[in-house]
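>
Numbering (my numbering), first residue to last: 74 to 469.
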């Protein structure tokens, strides 16, 4: 019996020790300001350029060819085109970041990058917001109604685009063609989790706020937060993490509307950025590199029926053959711009079923083929680098 008890205690101790943050092999001495994900590859934007890893941080490769400014403020991926915002402007690299970087937008101090289903946006210091609808080939200023031209952060969800500035949060429902102020002040970061908008503020009382009506009203979200200097948000499905300047990482509990610390094993407290890659949360620091921890260790319900998908999937429609309607299942492992179209045998578009940003999760969409001729059709899921096509039969 004593042997069994000792073994049990050792096993428990081992589990406790493993449930903590792990420092990856990312270069030390650099500030990691942003993350981006393409498939199974994680990219980190740092004060020394862009690094990538395909093995959860065991090995990192620098990718700075053609990058004349290695101070990376933000990263974004649109299709297979990679973007990096720097003090000198926005740089672009094609083929999933494998080609040499070239300047895309030459504007002083570009900061936040964000994309939605139709465009890429960048916030600048003093020039407001710029928009590109052709993967960075050209840019247009979109600042009507934006009374503060120094944009600290951007967030996009559905038809909404949000900009955080010293004067507060601005909202656009027209891809930046016009902006409306929706409150707060001194906003340093924004995040969208499901239908909830989170904002981090600085100065004065500081701290976090949340809105359930696209910024029309705000509720303080500081309960349990021991450091109100929130520097970065990270989103996993409907869960939000906050990185702070002096107290590490926190997770917002939606059931109690409060934060709890999730920084076990992390020896640094200054968190400059947060990003989700697969089922891991990554934390970028000022000089201590990049840290990693499985989300399942921090979110109690990331298991069983509540588990979020680990990869993009497109299921076979059912019923098949069908008349006149059918259901299509698909899943996305992280927030992404999702497009699902129905095509005929010649590749011509018959119907657009989905064309919007989706948070991580499993979804279904139904196609009603009333008025469409019998025959073989294809449905295609496209998001970033992932493209999958399946065949279905409409039989009347």
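All C-beta atoms, glycine included, are put in the ideal place defined by N, C-alpha and C.
Fair warning: this is a prediction, and the values are worked out from it, not measured in the lab.
1. For the beta strand (DSSP E) that contains residue 367, what are its first and last residues?
2. Can you grab the Cα-Cα spacing for the pair residue 272 / residue 244, in whole Å?
3. Thinking C-alpha only, which one of 429, 427, 441, 419 is nearest residue 395?
4. Does DSSP put residue 377 in a helix, in a strand, or in coil?
5. In chain order, which continuous runs of the beta strand (DSSP E) of length 3 or greater are located wholly inside the region 287-342?
6. What is the rounded straight-line gap between the Cα of residue 141 and the Cα of residue 398?
7. Who does residue 96 pair with in a DSSP beta bridge?
8. Tell me which same chain residues have a C-beta within less than 6 Å of the C-beta of residue 462, skipping the five on either side of it?
9. Here's the rule: buried if 16 or more other CB atoms are within 10 angstroms of the residue's CB, otherwise exposed. What is residue 158?
10. So if DSSP puts residue 440 in a beta bridge, which residue, or which two residues, is it bridged to?
11. Just verifying my parser: in three-state terms, what is the DSSP assignment at residue 45?
12. Looking only at DSSP bridge pairs, what is residue 407 linked to?
13. Taking CB distances under 8 Å as the criterion, tell me whether residue 421 reaches chain D.
14. Do you know how far the Cα of residue 240 is from the Cα of residue 280?
15. Roughly how many angstroms separate the alpha carbons of residue 212 and residue 466, rounded to a whole number?
16. Using the Cα positions of residue 329 and residue 290, report the straight-line distance between them to the nearest angstrom.
17. Could you please give the first and the last residue of the uninterrupted beta strand (DSSP E) stretch that includes residue 448?
18. With a CB to CB cut of under 6 Å and the five nearest residues on each side skipped, what residues in its chain are close to residue 161?
19. Classify residue 333 as buried or exposed, calling it buried when 16 or more other Cβ atoms lie within 10 Å of its own Cβ.
20. Residues bridged to residue 272 by DSSP?
21. If we call anything under 8 Å between Cβ atoms a contact, is residue 224 one with residue 238?
22. Taking only three categories from DSSP, how would you classify residue 426?
23. Please report the straight-line C-alpha distance between residue 192 and residue 163, rounded to a whole angstrom.
24. In the DSSP assignment, find the beta strand (DSSP E) that holds residue 168 and state where it starts and stops.
25. DSSP three-state label for residue 225, please.
26. Straight-line CA distance for residue 319 to residue 301?
27. Closest to residue 436 by CA distance: which of 403, 137, 459 is it?
28. From this set, 267, 236, 266, which residue's C-alpha is nearest residue 257's C-alpha?
29. At a cut of 8 Å, does the region 97-114 reach the region 343-363 through at least three beta carbon pairs?
30. Do you know whose CA, among 255, 268, 176, 276, lies nearest residue 73's CA?
31. List the DSSP bridge partners of residue 117.
32. Among the residues of its own chain, which have a CB less than 8 Å from the CB of residue 104, if the five just before and after it don't count?
33. Tell me whether residue 355 sits in a helix, a strand or coil according to DSSP, three-state version.
34. Could you check what DSSP says for residue 188 in three-state terms: helix, strand or coil?
35. Please report how far the alpha carbon of residue 222 lies from the alpha carbon of residue 180, in whole angstroms.
36. Note down the Cα distance separating residue 377 from residue 369, rounded to an integer number of angstroms.
Once the coordinates are examined:
1. Note, residue 367: beta strand (DSSP E), 363-367.
2. Rounded to the nearest angstrom, the two C-alpha atoms are 13 Å apart.
3. Measuring from the Cα of residue 395, the nearest candidate turns out to be 441.
4. Its pLDDT being 39, under 50, residue 377 is placed unreliably in this model, and the coordinates cannot settle the point.
5. Scanning the region 287-342 for uninterrupted beta strand (DSSP E) segments of 3 residues or longer gives 303-309, 312-317, 322-326, 331-334, listed from N- to C-terminal end.
6. One Cα belongs to residue 141, the other to residue 398, and the distance between them is close to 54 Å.
7. For residue 96, which the question treats as bridged, DSSP gives the partners 364.
8. Beyond the five residues adjoining it in sequence on each side, residue 462 comes within less than 6 Å, by CB distance, of 451, 453 in the same chain, given in chain order.
9. Buried.
10. BP columns for residue 440 point to 399.
11. With the chain represented from 74 up to 469, any question about residue 45 goes unanswered, as that position is not in the structure.
12. Note: residue 407 sits in no beta bridge, so no partner.
13. Here chain D cannot be found, since the structure has a single protein chain.
14. A direct Cα-to-Cα measurement between residue 280 and residue 240 gives close to 16 Å.
15. Whole-angstrom Cα-Cα distance: 43 Å.
16. Taking C-alpha positions only, residue 329 is separated from residue 290 by approximately 19 Å.
17. Boundaries of the beta strand (DSSP E) harbouring residue 448: 448-456, taken from the DSSP string.
18. Cβ contact annotation for residue 161 (same chain, cutoff 6 Å, sequence separation greater than five): 142, in chain order.
19. Residue 333 sits exposed, since fewer than 16 C-beta atoms from the chains shown fall within 10 Å of its C-beta.
20. Per DSSP, the beta bridge partners of residue 272 are 263, 282.
21. Result yes, Cβ atoms of residue 224 and residue 238 sit closer than 8 Å.
22. Strand at residue 426.
23. When rounded, the distance between both Cα atoms is 15 Å.
24. No beta strand (DSSP E) holds residue 168; DSSP gives it neither H nor E.
25. In this structure, residue 225 counts as strand in the three-state DSSP scheme.
26. Going by the C-alpha atoms only, they are around 9 Å apart.
27. When only C-alpha atoms are compared, the closest one is 403.
28. For residue 257, the closest of 267, 236, 266 by C-alpha to C-alpha distance is 236.
29. Contact between the region 97-114 and the region 343-363 is present: 3 or more CB-CB pairs across the two stretches fall below 8 Å.
30. Absent from the structure is residue 73, since the part of the chain shown begins at 74 and ends at 469.
31. Beta-bridge pairing links residue 117 to 108, 124.
32. Cβ neighbours of residue 104 within its own chain (closer than 8 Å, five residues either side excluded): 119, 120, 345, 357, 358, 359, 360.
33. If DSSP states are grouped into helix, strand and coil, residue 355 belongs with the strands.
34. Correct three-state label for residue 188: strand.
35. Residue 222 and residue 180: Cα-Cα distance of roughly 13 Å.
36. Its pLDDT being 39, under 50, residue 377 is placed unreliably by the model, and nothing is read from it.
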